[in-house]
C-alpha cells in the first residue's frame, strides 16, 4: 500500500507540475502577445445581443485602446455610445457566441478614434475571445495612397500629349484622352 501511495503521490506531483507549467506558459503568452485580447460573456435579451461583460484583457488591450479597468464591466459602460456608433459589433460578437463560428472583420470605432482588425472566437456558448490589432495607421496610408493615385491619374489625364501605360505583357493599363 505504501508503494502504491508513493507512486500515486508522485503522479499527482508530476501532473500538478505539468499543469502549473502549462498555466505559466499560457499567462506568459497572454500578457506578451502584441495583439489586444479580451475574453467576455455576451449578454442577451430575448435572444438578441445587448451587451458584453469583460472577463479578462491583456496588456496590449490597454495599450491599443487606451481603456483601463474594464474587467467586470460592460462594454456600454466602458465605451459610451458604442452601440450607436458600431451597432454591427454586438451583432457579430453575439452571432459568434451563439453559433461558435469564428469571424474576422475590420471597422472604425468612432468612440476610440481607431480602426481595428478583429478576429472573434467562441470557446463556449455565450462566451467569446476577441483578438485585435489597431490598424489606424495602415488605413491612413491607404487613404493617402488612394488620393495620390487619383492625383497622378488627374495629371496624366490632363496632359495635352498622349500618355499610355502598358502592363509587362503589353496590355493597355491606362490611356489619357489625348
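In the working numbering, the protein residues as written are 246 to 423.
Backbone N, C-alpha and C fix where the C-beta goes; we use that ideal spot for every residue, glycine too.
Cross-strand partners of residue i (DSSP beta bridge)
{"i": "residue 379", "result": "361"}
{"i": "residue 420", "result": "409"}
{"i": "residue 369", "result": "372"}
{"i": "residue 352", "result": "361"}
8 Å CB neighbourhood of residue i in its chain, flanking five on each side removed
{"i": "residue 288", "result": "294, 295, 296, 297, 298, 319"}
{"i": "residue 360", "result": "351, 352, 353, 354, 379, 380, 381, 383, 384"}
{"i": "residue 411", "result": "417, 418"}
{"i": "residue 308", "result": "281"}
Same chain only: Cβ atoms within 6 Å of residue i, ignoring 5 sequence neighbours per side
{"i": "residue 372", "result": "286"}
{"i": "residue 375", "result": "283, 363, 365"}
{"i": "residue 335", "result": "294"}
8 Å contact criterion, which residue i and residue j should meet: CB distance rounded
{"i": "residue 253", "j": "residue 310", "result": "That belief does not hold up - the Cβ atoms of residue 253 and residue 310 are roughly 48 Å apart, past 8 Å."}
{"i": "residue 340", "j": "residue 363", "result": "Residue 340 to residue 363, Cβ: 13 Å. No contact."}
{"i": "residue 418", "j": "residue 405", "result": "That belief does not hold up - the Cβ atoms of residue 418 and residue 405 are roughly 21 Å apart, past 8 Å."}
{"i": "residue 421", "j": "residue 401", "result": "5 Å"}
Neighbourhood of residue i by C-beta, 7 Å cutoff - its chain only, sequence neighbours within 5 removed
{"i": "residue 315", "result": "299, 302, 323"}
For a minimum of 4 consecutive residues, which ranges assigned as the alpha helix (DSSP H) are wholly contained in the segment 253-324? 304-310, 320-323
Contact between the segment 301-316 and the segment 273-281 (3+ Cβ pairs under 8 Å): yes
Can you find at least 3 beta carbon pairs, one from the segment 338-345 and one from the segment 363-377, that sit closer than 8 Å? yes
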